[in-house]
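Student: One structure, as structure tokens, below. Some questions next.
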Amino acid sequence: MDALVIGLDEVGRGDVAVAGGKGANLGDLLRRGFPVPPGFVVTAQSCRRFFERLNLDPDLKKIGAAPEEKDFCAGVRTRIDGADFPPELAADLMKYWDLLLDRRGREVLVAVRSSATAEDLGDASFAGQHETYYYVTRDNLTVMVKRCWSSLFSPEAVSYRTTQGLGHEAVFMAVVVQEMIPAEVSGVTFTANPVTGDGGEIVTEASWGLGAAIVDGRVTPDHYVLKRLGFTLKEKRISEKRFMVPPHPAPGTTRRLDPVPHWKRHRPTLTIEQVRQVAEWSVKAEEHFGGPQDVEWAMAEDRFYMLQSRPITVLGREEIGKGLQGRWVIFKPIVENFTDPLTPLTQDILLLEAPLGFKVIRGWVYTNFNLIKALLPFRAKDENLARMLTEMGDKAPDLPLHPLKLPGFLILLLGFWLMTAVFLARTRRLPDDFMDGYRDLCRQVTEDPAYGPAAAMRRLWSSTWKRFLDPAGYMVVLINLSSARYMIGREILRKLLKLWAPDLGDEAVALLCAGSSGVLSAEMGRGICRLAQAARNNPAVRAVLEKYKPDHLLAALNNEPEAQEFLAQLAGFLAVNGHRALKELELKSVRWEEDPTPVLGMIRNYLLAEVDPEDHEREIARTRARLEESLRERLRKRPLEKALGLRWRVLKYVADRTKYFTKMRENSRFYHIMGYGVVRRKILKVEADLLQRGKLKCKDDIFFLRLDEIAQLKADELGWLDVEDRIRERRLEHIRLSKITPPRAIGLKIGPQAEASPAQPDDPRVLRGQAASPGRYEGTAHVILDPSLDLELKPGEILVAPYTDPAWTPLFLTAGAAVVEVGSYLSHAGTVAREFGMPCVVDVADCTKRLHTGHHLIVNGDEGWVRIAGEDQAR
Amino acid sequence: MSVLLFLPVFSLGMVIGFELIAAGHGFIDLGYTLKTAWPRLFFKILIWTGLAASIALLAGPVYRTALAAGLAAAVVNHLGVFALNRFVLGRKRDFTDV
């Protein structure tokens, strides 16, 4: 076929060489009666003629051998973008444009998409080739077509072809031009569950406006799951849809995201009939293509349009790290706080000065197993060693020592002691408030424009230990590491209790080591309780909290004259704790001081629960007092104890020292997150500047760029169109990876997480994990995936979560027990559960999928398992 | 004096040296509350200095040498660690900032 432009309805599945894969598919669907928006295709032949006219071949032959390939590709792209558009092709384009105009009866906007002509070019999504340009007008159509062609020579596409051994001279691109539907609602539908691969479920996600917002991960869409049989509704989750990509851009603005009116944010985007309609068309597409499909669609004026259909890619854990050399184990201290992959900017910042042996793999931080194995003095199977590293349990490792490795290890320990002895001595006994000065340091760095985000990170996290005159209170990260001494205290306490009071279980150690005052994260929880109490005592505030959902509360309270005192208290709370956030190690996470909605939600939760969480703490204190009395009774039976009381003094001393270091660990975390919040403020300043200059179009896009890319944007070396693709690809990847829990190890296998309990051999209703806080509890499960969306945990319910971090602490005050998917004994969940004296089991694989809200559970925090005992009343 | 006795005394000297240095740093660490903290810091320095002086007085000249060597080594080690952190491990690697 020699035509330069053809109608979309003139191509079919066999015309990939002319219209590209995308074009051929869409044409085929259109011919078979699917509601595909009308359009036309700029054929691959047009692209070839254009490249021939430019005589690109001699230049293309040099790619791969060019010393600076990136610059060379930029040169090729500049030639393409700057060349005159062939007049005959322009005339053809306008002819087809006029056909669209006639059909619609008014001016139209179009969407322009690259359509690769060969499988060798790879899936466009992963070869860095551009996906879709929106809002294209008649005037800039030719520019966008050239842009699609020049994307063949983006660094990612060139690198992909070079790696695959493909030439660059015979590569051409078709371009699909379709009417842009002024969508009121858009979405994606998967004809099989994209996470589990279950073909019995049809999953639809929908939001207001154009679908770009969902596909790029810029909004949290409504989520609907239908059973394939009968299309009955299985699950429905209506989210708060704050932003939308409008069907028409506002004049005089380059902004791509508009706020959704408040009244619309919580409204369901689809009726059940519409969900079924979407599902029916998607299943038809599946039948047509012969496999599960990922269908992009839009609705306008009550009409359904299919925009794209492609095979679903189910990303499994085994895909992570595929082809990677070496052996890696997940770095638990980060992933147990939240399981999502880090955004690219967070990766750059967090690992600015990471020591040897750390690597980011698809957004998760891993450590080099071979390096660790070489340094540790154990003689153990690799899988046992790896399990020990990934479980980070409470007890000392039960692994035999390797005599030949011992001398090297001792030398290493000696070196470590020489490096840290003074610091360990400095921090052995300091008052509770010794880190308070760090707040002033944060303020100084915030106000000093000489500090960019990276420099701020350096000053606040890593450089303080290189400054002779910095007080120890500034060295918050080092303090966090050095407070691991509490593990020694616990081990000593355990051994002493085994010797002197063997009938007391592990809960005795937990109780003796808990209950310090001045733990800032616990104080934060108490602060929320006090706010709830203040609200309870103020009828007007109470009425507002009971009436409105969390995201409307601040506005409602601001309009309530009686709420001023409460708001002042809230401001005081935020002045101390405002730097906290859910998923606080991710720089993209909004801090409470920017949006206190999660805090107001927690206050509301306590109010509606009609319970005083301080009762819980008082009960724990009473239990601790009873335990101490019981322990003293046992000790008094020992020789000389009545006269000297030596054993009790030793136990108290060890317990006090352990409590000191535990508190130090928690408090240092509070402060280093404060420093992290400063880094986020610096980034937001840069983002505001780039948005204002039109270098970025949407909020939060900056987190999907690397530091050097942001620097190039600021210096005008890159523009929005240069980074739009990569932001999109990275957002897509982030969405995919956020749906899975990362593998614990790459390049080596780890066995089952826990030994089967002899009492529960192979019972399918039993989920095994790691014991993190002792005790047994029976109650109703409440699965919470995101506390910003779901905060209503009833008193005594069992919290089931993918992970927890300090922002989840207030939920622990009302929970009866906790079951966490990713965690360790030392994680936040374990630490807080022990502090509150409630059973907790962590590292329970897929618990948020296998357990449902309403399940009746038995939680055994002593042996580390959870049993589904039945179904309670469904919620 | 045999090596077997020199080493423990030398090590003890290092430990005392580290404690004295830490106590000296205490004036910076507790600078915000020096008005109330200084007696405790002063007492700490007194105790460790007293311990070192007692060992030096009671032990023979050879042990004094070992102790003094340990104290000096502690100071050298501390300055060396600082220099290592500052100028080698923590040298200003090129990083992009924005």
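Chains as they are written, first to last, in the numbering used here: chain R, -8 to 866; chain W, 21 to 118. Positions of the beta carbon are idealized from the N, C-alpha and C atoms, including for glycine. Owing to the predicted nature of the structure, the values given are computational and were not obtained by experimental measurement.
I need the straight-line Cα distance from R/THR190 to R/PHE803, nearest angstrom please.
Tutor: The residue labelled residue 190 of chain R in the question sits at position 199 within the first sequence. The residue labelled residue 803 of chain R in the question sits at position 812 within the first sequence. The amino acid occupying residue 190 of chain R in the given sequence is Gly; Thr does not appear at that position. Going by the C-alpha atoms only, they are around 37 Å apart.
Student: State yes or no: is the beta carbon of W/ARG84 nearer than 8 Å to at least one beta carbon in chain R?
Tutor: Counting from one through the second sequence, the residue named residue 84 of chain W turns up at place 64. No, its Cβ sits nowhere closer than 8 Å to a Cβ of chain R.
Student: Name the two residues that bound the continuous alpha helix (DSSP H) containing R/PRO324.
Tutor: Here the question's residue 324 of chain R lines up with position 333 in the first sequence. It spans 323 to 326 - the alpha helix (DSSP H) in which R/PRO324 sits, taken as one unbroken run.
Student: Indicate the three-state DSSP secondary structure (helix, strand or coil) for R/THR732 in the structure shown.
Tutor: Mapped onto the first sequence, residue 732 of chain R falls at position 741. It is coil, neither helix nor strand.
Student: With DSSP collapsed to three states, give me the class of R/GLN284.
Tutor: Your numbering for residue 284 of chain R matches position 293 in the first sequence. Looking at R/GLN284 - three-state DSSP - the assignment turns out to be strand.
Student: Assign R/PHE425 to buried or exposed, taking buried as 16 or more other Cβ atoms, counted over all protein chains shown, within 10 Å of its Cβ.
Tutor: Counting from 1 along the first sequence, the entry for residue 425 of chain R is found at position 434. It is buried - the Cβ of R/PHE425 has at least 16 other Cβ atoms within 10 Å.
Student: Rounded to a whole number of angstroms, what is the C-alpha to C-alpha distance between R/MET232 and R/HIS214?
Tutor: Against the first sequence, residue 232 of chain R aligns to sequence position 241. Against the first sequence, residue 214 of chain R aligns to sequence position 223. Reading off the sequence shown, one finds Lys at residue 232 of chain R, where the question assumed Met. One C-alpha to the other measures close to 12 Å.
Student: Just grab the DSSP bridge partners of R/ASP249 for me.
Tutor: Reading the first sequence from its first residue, position 258 is the one you call residue 249 of chain R. BP columns for R/ASP249 point to R/MET235.
Student: Would you say R/PHE425 lies against chain W (beta-carbon separation less than 8 Å)?
Tutor: As a first step, residue 425 of chain R is located in the first sequence; it is residue number 434 there, counting from the start. Yes, contact with chain W.
Student: I need the straight-line Cα distance from R/LEU536 to R/LEU561, nearest angstrom please.
Tutor: Start at 1 with the first residue of the first sequence, and residue 536 of chain R comes out as number 545. Start at 1 with the first residue of the first sequence, and residue 561 of chain R comes out as number 570. Approximately 14 Å, taken between the alpha carbons.
Student: Is the distance from the Cβ of W/ILE48 to the Cβ of W/LEU91 below 8 Å?
Tutor: The residue you call residue 48 of chain W lines up with position 28 of the second sequence. The residue you call residue 91 of chain W lines up with position 71 of the second sequence. Cβ atoms of W/ILE48 and W/LEU91: not closer than 8 Å.
Student: I want to see whether chain R comes within less than 8 Å of W/PHE38, judged by CB atoms only; does it?
Tutor: Sequence index remark: in the second sequence, residue 38 of chain W carries index 18 (1-based). Yes, because at least one Cβ of chain R sits closer than 8 Å to the Cβ of W/PHE38.
Student: Which same chain residues end up closer than 6 Å to W/GLY33 when comparing Cβ atoms and leaving out the 5 residues on each side of it in sequence?
Tutor: Reading the second sequence from its first residue, position 13 is the one you call residue 33 of chain W. These residues qualify, in order along the chain: LEU87, GLY90, LEU91.
Student: Below 7 Å between beta carbons is the criterion; list the residues of the region 65 to 76 of chain W that meet it against any residue of chain R, in chain order.
Tutor: Residues: none.
Student: Are there three or more Cβ pairs, one per stretch, closer than 8 Å when the region 289 to 298 of chain R is compared with the region 169 to 177 of chain R?
Tutor: Cβ pair count under 8 Å is three or more, so yes.
Student: Is there a C-beta anywhere in chain R that falls below 8 Å from the one on W/ALA88?
Tutor: In the second sequence, counting from the first residue as 1, residue 88 of chain W sits at position 68. No, no contact with chain R.
Student: For R/PRO462, go through chain W and note every residue whose CB falls closer than 9 Å to its CB, in chain order.
Tutor: Translated into positions along the first sequence, residue 462 of chain R becomes position 471. Under the 9 Å cutoff, chain W gives HIS45, ILE48, ASP49, LEU50, GLY51, TYR52.
Student: Enumerate in chain order the residues of its own chain whose CB-to-CB distance from R/PHE295 is below 7 Å, with the five nearest sequence positions on each side excluded.
Tutor: Sequence index remark: in the first sequence, residue 295 of chain R carries index 304 (1-based). Hits under 7 Å: PRO26, GLN268, VAL269, TRP272, TRP288.
Student: Pick helix, strand or coil for R/GLY399, following the three-state DSSP scheme.
Tutor: Your numbering for residue 399 of chain R matches position 408 in the first sequence. Helix.
Student: Whole-angstrom Cβ separation of R/HIS377 and R/LEU739, contact assumed at under 8 Å?
Tutor: On the first sequence, residue 377 of chain R is found 386 positions in, with the first residue counted as 1. On the first sequence, residue 739 of chain R is found 748 positions in, with the first residue counted as 1. It should be pointed out that residue 377 of chain R corresponds to Ala in this sequence rather than to His. Contact holds; Cβ gap of about 6 Å.
Student: Would you tell me roughly how many angstroms separate the C-alpha atoms of R/ALA118 and R/PRO283, rounded to the nearest one?
Tutor: As a working note, residue 118 of chain R is residue 127 in the first sequence. As a working note, residue 283 of chain R is residue 292 in the first sequence. Residue placement at R/ALA118 is flagged as unreliable, the pLDDT there being 41, under the threshold of 50; a coordinate-derived value is accordingly withheld.
Student: If the cut is a Cβ gap below 7 Å, which residues of chain R does W/ALA42 touch?
Tutor: Counted from its first residue, the second sequence places residue 42 of chain W at position 22. Residues of chain R passing the Cβ test: VAL413, ALA416, ARG417.
Student: Can you tell me whether R/GLU175 is helix, strand or coil according to DSSP?
Tutor: The residue you call residue 175 of chain R lines up with position 184 of the first sequence. R/GLU175: coil per DSSP, three-state reduction.
Student: For R/VAL677, decide whether its Cβ has a neighbour in chain W, counting only Cβ atoms nearer than 8 Å.
Tutor: Translated into positions along the first sequence, residue 677 of chain R becomes position 686. It does: the Cβ of R/VAL677 has a partner Cβ on chain W nearer than 8 Å.
Student: From this set, R/THR411, R/ALA566, R/ARG219, which residue's C-alpha is nearest R/ALA430's C-alpha?
Tutor: By 1-based counting over the first sequence, the position of residue 430 of chain R is 439. Strictly speaking, residue 430 of chain R in this sequence is Arg, with Ala absent from that position. Checking every option, the nearest Cα to that of R/ARG430 belongs to R/ALA566.
Student: Using a Cβ-Cβ distance under 8 Å, would R/PRO444 count as near chain W?
Tutor: Residue 444 of chain R sits at position 453 when you count from the first residue of the first sequence. Taking Cβ atoms only, chain W reaches closer than 8 Å to R/PRO444, which makes this a yes.
Student: For R/LEU(-1) and R/CYS64, what's the separation of their Cα atoms in angstroms?
Tutor: Position 8 of the first sequence, counted from the start, is the residue given in the question as residue -1 of chain R. Position 73 of the first sequence, counted from the start, is the residue given in the question as residue 64 of chain R. Rounded to the nearest angstrom, the two C-alpha atoms are 31 Å apart.
Student: R/HIS819 to R/LEU380, Cα distance in whole Å?
Tutor: By 1-based counting over the first sequence, the position of residue 819 of chain R is 828. By 1-based counting over the first sequence, the position of residue 380 of chain R is 389. Each residue's alpha carbon lies about 17 Å from the other.
Student: Would you call the CB atoms of R/LEU432 and R/LEU401 closer than 8 Å?
Tutor: As a working note, residue 432 of chain R is residue 441 in the first sequence. As a working note, residue 401 of chain R is residue 410 in the first sequence. No, the pair does not count as a contact, with Cβ atoms beyond the cut-off.
Student: Just verifying my parser: in three-state terms, what is the DSSP assignment at R/ARG767?
Tutor: Locating residue 767 of chain R in the first sequence gives position 776, where the first residue counts as 1. Residue state, collapsed to three classes: strand.
Student: Can you list, in chain order, the residues of its chain with a C-beta nearer than 7 Å to that of R/VAL7? Leave out the 5 residues immediately preceding and following it.
Tutor: Position 16 of the first sequence, counted from the start, is the residue given in the question as residue 7 of chain R. Around R/VAL7: ALA15, THR108.
Student: Going by DSSP, what residue range makes up the alpha helix (DSSP H) through W/TRP58?
Tutor: In the second sequence, residue 58 of chain W corresponds to position 38, counting from 1. Looking at the DSSP string, the run of the alpha helix (DSSP H) that includes W/TRP58 is 54 to 78.
Student: Does the Cβ of R/TRP408 have 16 or more other Cβ atoms within 10 Å, making it buried, or fewer, making it exposed?
Tutor: Here the question's residue 408 of chain R lines up with position 417 in the first sequence. Exposed.
Student: Hey, is W/PHE8's beta-carbon within less than 8 Å of any beta-carbon in chain R?
Tutor: Absent from the structure is residue 8 of chain W, since the part of chain W shown begins at 21 and ends at 118.
Student: Where does the unbroken alpha helix (DSSP H) through R/GLU196 begin, and where does it stop?
Tutor: As a first step, residue 196 of chain R is located in the first sequence; it is residue number 205 there, counting from the start. Note, R/GLU196: premise wrong, no alpha helix (DSSP H); beta strand (DSSP E) at 192 to 199.
Student: Please list the partners that W/THR118 has in chain R, where partner means a Cβ-to-Cβ separation under 7 Å.
Tutor: On the second sequence, position 98 is the one that residue 118 of chain W refers to. Residue 118 of chain W is actually Val in this sequence, not Thr. GLY443, PRO444, VAL677, LEU698, ILE701, ALA702, LYS705, listed in chain order.
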